[in-house]
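Q: Residue numbers (the numbering used here), protein chains in the order written: chain A, 454 to 647; chain B, 454 to 647.
One structure coming up, written as structure tokens, with questions to follow.
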DNA sequence: GTCTATAATCAGATAGAC
DNA sequence: GTCTATCTGATTATAGAC
């Protein structure tokens with residue numbers, strides 16, 4: 454149970470990862486997963502108790518993958534504010550939505566097993582942003598009246614909200630403009646005594 | 454057809470408004486709507502071609518109501534930056550999500566009739582924020598390097614992203630912290646030459 | 001305009017053979 | 001471990017009486 458090395462199990466999880474990003478949790482049926490993975494009904498229910506657990510396994514893998522990408526952007530060799538700019542301006546498929554936080558408005562978030570990987574991903578970014586801002590602050594690079602923790606929360610909110618803007622306007626540029634605003638603001642509150 | 458004065462039609466739309474906020478579009482079935490409204494199957498399909506059109510009518514009303522609230526916050530009698538602060542810090546039920554933009558990640562956004570009211574609401578706020586920032590800028594109250602349009606996009610993104618943070622962390626405070634960051638930053642980029 | 005009855009399809013899951 | 005067959009209830013809608 455939940456042991457790797459099983460071909461169909463891996464195919465099922467891979468298909469679920471793709472469908473969760475594309476359609477979300479509620480709109481993804483076990484039937485869809487089986488069709489995409491090439492597995493039969495029995496394989497899914499042999500490896501997992503049900504749909505929720507398949508999704509939890511898929512989300513855990515997605516969070517792990519995305520956190521690794523984030524950690525690559527926040528390399529210690531880069532100056533702290535450059536790490537933040539790299540995260541803000543990284544390339545994104547805005548219309549697809551955030552791979553994990555796209556589930557934020559689904560009933561799935563009321564289930565701890567599904568919410569946890571999403572919260573871990575978002576929380577990890579927020580912690581990385583905050584640590585970088587505290588580093589910049591310690592070097593005297595942050596304007597007075599700006600709390601690193603609050604600014605970090607604001608920045609992750611701009612990114613997640615940017616996805617929302619792109620989706621509702623059906624326009625990638627809507628997200629880019631919000632990110633532009635964040636970069637301008639970051640520059641303004643860090644230049645003063647840099 | 455879509456004529457007001459019909460009791461059941463109004464009950465159906467009212468029930469749909471409640472359910473769309475609570476559960477979203479895909480998770481709201483005509484059956485749920487009928488149960489909540491007290492109407493029978495026939496009433497729904499007499500007044501509307503189907504589920505999509507009921508939702509479109511409900512969303513249009515929701516957008517109209519919320520835009521009226523926004524316009525109340527952006528009263529011309531208030532100084533421009535105070536209008537923005539009033540919008541940012543208004544009370545919200547963060548865990549319920551944005552009444553309109555909570556649908557942003559549903560397939561419904563690919564249907565123009567459903568996306569338009571949501572886009573109109575978000576776009577209206579963004580236009581109000583931008584006009585207020587341009588007013589502040591004209592009075593010399595905006596730091597150099599800050600474009601009113603980009604800052605407006607950033608601010609609406611913080612609010613919409615704040616809802617996402619609250620939902621994924623299942624914690625209202627997560628949104629408040631992001632809003633706090635936005636207020637601090639707004640203060641920092643407007644004080645310099647105010 | 002409103003109702004109840006019915007239908008076709010799909011959702012999520014189980015049974016049991018191989 | 002993997003498969004096909006089957007099951008129960010929900011979804012979205014249609015039919016037709018009142």
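Ideal Cβ placement from N, Cα and C applies to all residues, glycine included.
Evaluate residue 633(A) with the Cβ neighbour count: other Cβ atoms within 10 Å of its Cβ, from every protein chain shown; 16 or more gives buried, anything less gives exposed.
A: Here residue 633(A) is taken as the residue at index 180 of the first chain, counted from 1. Per the 10 Å Cβ criterion, buried.
Q: Sorted by chain position, which residues of the same chain lie with C-beta nearer than 6 Å to residue 540(A)'s C-beta, five sequence neighbours on each side aside?
A: Taking the first residue of the first chain as position 1, residue 540(A) is located at position 87. Within the same chain, residue 540(A) has close Cβ partners 526.
Q: Just to confirm, is the Cβ distance from residue 585(A) to residue 537(A) under 7 Å?
A: One-based indexing of the first chain puts residue 585(A) at position 132. One-based indexing of the first chain puts residue 537(A) at position 84. Yes. Within cutoff.
Q: Straight-line CA distance for residue 545(A) to residue 581(B)?
A: In the first chain, the residue the question calls residue 545(A) occupies position 92. In the second chain, the residue the question calls residue 581(B) occupies position 128. When rounded, the distance between both Cα atoms is 27 Å.
Q: Are residue 516(B) and residue 478(B) close, meaning C-beta to C-beta below 7 Å?
A: Here the question's residue 516(B) lines up with position 63 in the second chain. Here the question's residue 478(B) lines up with position 25 in the second chain. Not in contact: residue 516(B) and residue 478(B) (Cβ atoms no closer than 7 Å).
Q: So the candidates are 628(B), 583(B), 610(B) and 601(B); which of them puts its Cα closest to the Cα of residue 621(A)?
A: By 1-based counting over the first chain, the position of residue 621(A) is 168. Residue 621(A) has its Cα closest to that of 610(B), out of 628(B), 583(B), 610(B) and 601(B).
Q: Is there a Cβ of chain B sitting closer than 7 Å to that of residue 535(A), yes or no?
A: As a working note, residue 535(A) is residue 82 in the first chain. Cβ-Cβ to chain B under 7 Å: no for residue 535(A).
Q: Around the Cβ of residue 583(A), are there at least 16 other Cβ atoms within 10 angstroms (buried) or fewer (exposed)?
A: As a working note, residue 583(A) is residue 130 in the first chain. Flag for residue 583(A) reads buried.
Q: Ends of the alpha helix (DSSP H) at residue 483(B)?
A: In the second chain, the residue the question calls residue 483(B) occupies position 30. Element bounds for residue 483(B): 483-490.
Q: Which residue comes first and which comes last in the alpha helix (DSSP H) that contains residue 479(A)?
A: Reading the first chain from its first residue, position 26 is the one you call residue 479(A). No alpha helix (DSSP H) holds residue 479(A); DSSP gives it neither H nor E.
Q: Here's the rule: buried if 16 or more other CB atoms are within 10 angstroms of the residue's CB, otherwise exposed. What is residue 637(A)?
A: If you number the first chain from 1, residue 637(A) lands on position 184. It counts as buried.
Q: Hey, does residue 599(A) have any beta-carbon neighbour from chain B nearer than 7 Å?
A: On the first chain, residue 599(A) is found 146 positions in, with the first residue counted as 1. It does; some Cβ of chain B falls within 7 Å.
Q: CB residue 492(B) to CB residue 471(B), shorter than 7 Å?
A: The residue given as residue 492(B) occupies position 39 in the second chain. The residue given as residue 471(B) occupies position 18 in the second chain. No.
Q: Which ranges does the beta strand (DSSP E) cover as unbroken runs of at least 3 residues, wholly within the region 597-627 of chain A, from first to last along the chain?
A: Runs of the beta strand (DSSP E) inside the region 597-627 of chain A: none found.
Q: Could you tell me the alpha carbon to alpha carbon distance between residue 613(B) and residue 617(A), rounded to whole angstroms?
A: As a first step, residue 613(B) must be located in the second chain, where it is residue number 160. As a first step, residue 617(A) must be located in the first chain, where it is residue number 164. Each residue's alpha carbon lies about 7 Å from the other.
Q: Near residue 554(B), what residues of its chain come up, given a Cβ to Cβ distance below 8 Å and the 5 sequence neighbours on each side ignored?
A: Reading the second chain from its first residue, position 101 is the one you call residue 554(B). 571, 574, 575, 613 and 616, listed in sequence order.
Q: Please confirm if residue 571(A) has its CB atom under 7 Å from at least one CB of chain B.
A: By one-based count along the first chain, residue 571(A) stands at place 118. It does; some Cβ of chain B falls within 7 Å.
Q: Residue 562(A) versus chain B: which residues are under 8 Å apart at the beta carbon?
A: Here residue 562(A) is taken as the residue at index 109 of the first chain, counted from 1. Per Cβ cutoff of 8 Å: 620, 621 and 623.
Q: Taking 7 Å as the limit between beta carbons, can you name the residues of its chain near residue 625(B), skipping five residues before and five after?
A: For the purposes of this step, residue 625(B) is identified with residue 172 of the second chain, where counting begins at 1. Here the set comprises 547, 548 and 619.
Q: When you compare only the Cα positions, how much space is there between residue 467(B) and residue 506(B)?
A: Taking the second chain and counting its residues from 1, the one referred to as residue 467(B) is at position 14. Taking the second chain and counting its residues from 1, the one referred to as residue 506(B) is at position 53. Distance between the alpha carbons of residue 467(B) and residue 506(B) is about 14 Å.
Q: Against chain B, with Cβ distances strictly below 7 Å, would residue 514(A) count as a contact?
A: Translated into positions along the first chain, residue 514(A) becomes position 61. Taking Cβ atoms only, chain B never reaches closer than 7 Å to residue 514(A), which makes this a no.
Q: Could you tell me whether the Cβ atoms of residue 534(B) and residue 596(B) are closer together than 7 Å?
A: The residue labelled residue 534(B) in the question sits at position 81 within the second chain. The residue labelled residue 596(B) in the question sits at position 143 within the second chain. For residue 534(B) and residue 596(B), no; Cβs fall outside 7 Å.
Q: By Cβ distance below 6 Å, which residues in the same chain neighbour residue 501(B) in space, the five residues on each side in sequence not counted?
A: As a first step, residue 501(B) is located in the second chain; it is residue number 48 there, counting from the start. Excluding residues within five positions, the ones whose Cβ falls inside 6 Å are 507.
Q: Taking the CB atoms as reference points, tell me whether residue 607(B) and residue 602(A) lie closer together than 7 Å.
A: The residue you call residue 607(B) lines up with position 154 of the second chain. The residue you call residue 602(A) lines up with position 149 of the first chain. Not a contact, by the Cβ cut-off of 7 Å.
Q: Let me make sure I understand the geometry here. Which of 604(A), 593(A), 557(A) and 560(A) has the alpha-carbon closest to that of residue 579(A)?
A: Translated into positions along the first chain, residue 579(A) becomes position 126. Of 604(A), 593(A), 557(A) and 560(A), the residue nearest in Cα terms is 604(A).
Q: Within 7 Å of any Cβ in chain B, is that where the Cβ of residue 485(A) sits?
A: Counted from its first residue, the first chain places residue 485(A) at position 32. No, residue 485(A) does not count as interfacial toward chain B.
Q: For a contact defined as C-beta to C-beta under 8 Å, what are the partners of residue 476(A) on chain B?
A: For the purposes of this step, residue 476(A) is taken as residue 23 along the first chain, with counting starting at 1. Simply 560.
Q: Locate the alpha helix (DSSP H) running through residue 515(A), then write down its first and last residues.
A: Here residue 515(A) corresponds to residue number 62 of the first chain, with the count starting at 1. Taken as a continuous stretch (DSSP letters only), the alpha helix (DSSP H) holding residue 515(A) covers 504-526.
Q: Residue 583(B) lies in the alpha helix (DSSP H); which residues open and close that run?
A: Mapped onto the second chain, residue 583(B) falls at position 130. Residue 583(B) -> alpha helix (DSSP H) spans 565-591.
Q: State yes or no: is the C-beta of residue 504(A) within less than 7 Å of the C-beta of residue 483(A)?
A: What you label residue 504(A) is simply residue 51 of the first chain in a count that begins at 1. What you label residue 483(A) is simply residue 30 of the first chain in a count that begins at 1. Yes.
Q: Would you say residue 604(A) reaches chain B, if we count a Cβ-Cβ gap shorter than 7 Å as a contact?
A: Your numbering for residue 604(A) matches position 151 in the first chain. True, the Cβ-Cβ gap to chain B drops below 7 Å.
Q: For residue 546(B), would you say it is in contact with chain A, using Cβ-to-Cβ distances shorter than 7 Å as the test?
A: The residue labelled residue 546(B) in the question sits at position 93 within the second chain. Answer no: the Cβ-Cβ gap between residue 546(B) and chain A never drops below 7 Å.
Q: Using 7 Å as the limit for Cβ to Cβ distance, is residue 581(A) near chain B?
A: Taking the first residue of the first chain as position 1, residue 581(A) is located at position 128. No, no contact with chain B.
Q: Using a 10 Å radius around the Cβ and a threshold of 16 neighbouring Cβ atoms, would you call residue 623(A) buried or exposed?
A: Sequence index remark: in the first chain, residue 623(A) carries index 170 (1-based). Exposed, since its Cβ has fewer than 16 Cβ neighbours within 10 Å.
Q: Considering only the beta carbon of each residue, do residue 594(B) and residue 643(B) sit closer than 7 Å?
A: Position 141 of the second chain, counting from 1, holds the residue named residue 594(B). Position 190 of the second chain, counting from 1, holds the residue named residue 643(B). In this structure, residue 643(B) lies closer than 7 Å to residue 594(B) by Cβ.
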